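Worksheet: one structure, shown below.
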Amino acid sequence: MFIIREHLAPGVSAVLARYHHGVKKAVEEVKQTPHGVAATIASALVYGMFPLYWAALDSVSSINLMLYRIVTAAVVMTLFMLATGRWHGLVDHVKAMWRTRRVFWMSVAAAVLVTVDWVVYIYLVAIGRTSEASAAGFLIPLMNMLLALVILREKASALGIASMVIALIGGILYVIDTRAFPVLALAMVFSYSGYCLIKRFVPLDAFESLTFETGVLTPVAFVALAVQPRFGVPADAPWHVWALIAGCGVLTAVPLVLTSYGVKHATFLMLSFTQYITPTIQLLLGIFVLGEQVPAHRFISFGVIWFALAVYSVDLVRQHRRRLELGRR
Numbered sequence: 032m033f034i035i036r037e038h039l040a041p042g043v044s045a046v047l048a049r050y051h052h053g054v055k056k057a058v059e060e061v062k063q064t065p066h067g068v069a070a071t072i073a074s075a076l077v078y079g080m081f082p083l084y085w086a087a088l089d090s091v092s093s094i095n096l097m098l099y100r101i102v103t104a105a106v107v108m109t110l111f112m113l114a115t116g117r118w119h120g121l122v123d124h125v126k127a128m129w130r131t132r133r134v135f136w137m138s139v140a141a142a143v144l145v146t147v148d149w150v151v152y153i154y155l156v157a158i159g160r161t162s163e164a165s166a167a168g169f170l171i172p173l174m175n176m177l178l179a180l181v182i183l184r185e186k187a188s189a190l191g192i193a194s195m196v197i198a199l200i201g202g203i204l205y206v207i208d209t210r211a212f213p214v215l216a217l218a219m220v221f222s223y224s225g226y227c228l229i230k231r232f233v234p235l236d237a238f239e240s241l242t243f244e245t246g247v248l249t250p251v252a253f254v255a256l257a258v259q260p261r262f263g264v265p266a267d268a269p270w271h272v273w274a275l276i277a278g279c280g281v282l283t284a285v286p287l288v289l290t291s292y293g294v295k296h297a298t299f300l301m302l303s304f305t306q307y308i309t310p311t312i313q314l315l316l317g318i319f320v321l322g323e324q325v326p327a328h329r330f331i332s333f334g335v336i337w338f339a340l341a342v343y344s345v346d347l348v349r350q351h352r353r354r355l356e357l358g359r360r
């Protein structure tokens, strides 16, 4: 799925000041490099391939997969932080957040929200509704745009607003077509967008955030697994199921590491474009690899959403060109 850029705040007091008085997002100029572009694309590709991984673990319940993802990611990130000498910095930042409880509990809330997103996504893949998860992936960028307008008071062009209206029409068509309200897809949208919004106020970088989020949830996740027979894995599960479960931590951490590198070596415009790669791959995998049956007429609603994304992308390109022109003057 896509990532909103996180930045390390100079201190907790500055974070609270932003919380009370609003956020004015600074635009940082970065020198785009081939490695940075490759990292952002690789991250989107990894996220896009997630359905294949979760489908191979369909014998394990979606809740238990989420629990294993938390525990194994916590192990991977703890080892990474220790190996790179970042552990003491994380401890200092967490202590500072604990002294300012509002920021600390905001971080915990972010962990809960991303967990909800993980559970719903894995469940949709497990029950053969990858296209619904893909639809959520297409709508999340636009939901974040809406949050930027309403909560963060950021400005949007006429084309940007038009893209949101078109996406809303696509969502209405989807509901009419399925004759059911897409509760699970919207749960993904609201949980992940809320997660991204909260992280704008949390003074931890990408590595620290993932370590903290999985760390605070690991005790509960481990106990929930420990009380189950065979730690929640079916008795007849072959060895490769255990191997895939062990790999959940790396699978969670790798895309975030790639994104963290890419955000410092590629423009934000490039990052925005790569966000659309993930849901497109997931939809295609659901249809052509996982054998999910998607009625042809449902592509009308997906087509409207894709058109909305195209309009939004055109708007991004126009804004980028306008900034370049102003820079030459």
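Letter by letter, the sequence shown follows residues 32 to 360 in my numbering.
A virtual CB, placed ideally from N, CA and C, is assigned to each residue, including glycine.
On a predicted model such as this, the values are computed, not experimentally measured, just so you know.
Output the distance between the C-alpha atoms of residue i and residue j, rounded to the nearest integer angstrom.
i	j	result
residue 161	residue 314	6 angstroms
residue 74	residue 296	14 angstroms
residue 223	residue 171	8 angstroms
residue 310	residue 351	24 angstroms
residue 265	residue 101	19 angstroms
residue 232	residue 134	8 angstroms
residue 138	residue 116	22 angstroms
residue 319	residue 312	10 angstroms
residue 328	residue 168	20 angstroms
residue 143	residue 246	12 angstroms
residue 67	residue 176	24 angstroms
residue 254	residue 260	12 angstroms
residue 183	residue 93	34 angstroms
residue 155	residue 90	14 angstroms
residue 358	residue 347	17 angstroms
residue 95	residue 257	11 angstroms
residue 15	residue 132	Within the shown structure, residues of the chain are numbered from 32 to 360, placing residue 15 beyond reach of any answer.
residue 109	residue 243	9 angstroms
residue 80	residue 248	25 angstroms
residue 112	residue 262	27 angstroms
residue 52	residue 330	Note that residue 52 has pLDDT 40, beneath the 50 cutoff, so the model's placement of it is unreliable and no number is given.
residue 367	residue 152	As displayed, the chain neither begins before 32 nor continues past 360, which places residue 367 out of reach and without an answer.
residue 292	residue 281	16 angstroms
residue 166	residue 229	23 angstroms
residue 159	residue 289	29 angstroms
residue 252	residue 163	27 angstroms
residue 114	residue 250	22 angstroms
residue 267	residue 88	13 angstroms
residue 215	residue 356	43 angstroms
residue 12	residue 270	Lying outside 32 to 360, the shown extent of the chain, residue 12 is not represented and no answer is given.
residue 316	residue 344	24 angstroms
residue 4	residue 191	Outside the displayed range of the chain (32 to 360) lies residue 4, so it cannot be described from this structure.
residue 119	residue 136	21 angstroms
residue 121	residue 63	28 angstroms
residue 213	residue 69	34 angstroms
residue 203	residue 221	17 angstroms
residue 41	residue 338	Unreliable placement is indicated for residue 41, whose pLDDT of 47 sits below 50; no coordinate value is reported for it.
residue 340	residue 99	34 angstroms
Mind reading off the beta-carbon distance from residue i to residue j? Whole number of angstroms is fine, and I expect it under 8 angstroms.
i	j	result
residue 97	residue 146	6 angstroms
residue 148	residue 226	7 angstroms
residue 201	residue 308	So it is not a contact: roughly 19 angstroms between Cβ atoms.
residue 141	residue 173	Actually they are not in contact, since the Cβ atoms of residue 141 and residue 173 sit about 21 angstroms apart, beyond 8 angstroms.
residue 77	residue 286	5 angstroms
residue 342	residue 193	6 angstroms
residue 241	residue 284	7 angstroms
Are the stretch 311–327 and the stretch 90–106 in contact at 8 angstroms, needing three or more beta carbon pairs? The way I'd put it, the stretch 311–327 doesn't touch the stretch 90–106; fewer than three beta-carbon pairs between them come closer than 8 angstroms.
Validate contact between the stretch 125–139 and the stretch 180–193 using beta carbons, cut 8 angstroms, 3 pairs: No, the stretch 125–139 is not in contact with the stretch 180–193.
Under 8 angstroms, with one C-beta from each stretch per pair, do the stretch 196–208 and the stretch 344–359 reach the 3-pair mark? Contact check between the stretch 196–208 and the stretch 344–359: fewer than three CB pairs, one atom from each, fall below 8 angstroms, which does not count as touching.
Can you confirm whether the stretch 271–282 touches the stretch 84–92 when touching is taken to mean that 3 or more C-beta pairs between the two stretches lie within less than 8 angstroms? Short answer: they touch.
Would you call the stretch 63–73 and the stretch 233–247 in contact, with 3 or more CB pairs under 8 angstroms? Flag = no, the stretch 63–73 and the stretch 233–247 do not touch.
Give the list of continuous alpha helix (DSSP H) stretches no shorter than 4 residues that lie fully inside the stretch 117–163. Runs of alpha helix (DSSP H) with 4 or more residues, each lying fully within the stretch 117–163, are found at 118–130 and 132–157, listed in chain order.
Ignoring anything shorter than 4 residues or poking outside the stretch 206–272, list the alpha helix (DSSP H) runs there in chain order. Within the stretch 206–272, the complete alpha helix (DSSP H) runs of at least 4 residues fall at 214–230 and 237–257.
To test your reading of the DSSP string, which unbroken beta strand (DSSP E) runs of 3 or more residues are found completely within the stretch 67–96? Taken in chain order, no unbroken stretch of beta strand (DSSP E) lies wholly in the stretch 67–96 with a span of 3 residues or more.
Contained beta strand (DSSP E) runs [length at least 3] in the stretch 303–342, N- to C-terminal order: No beta strand (DSSP E) of 3 residues or more sits fully in the stretch 303–342.
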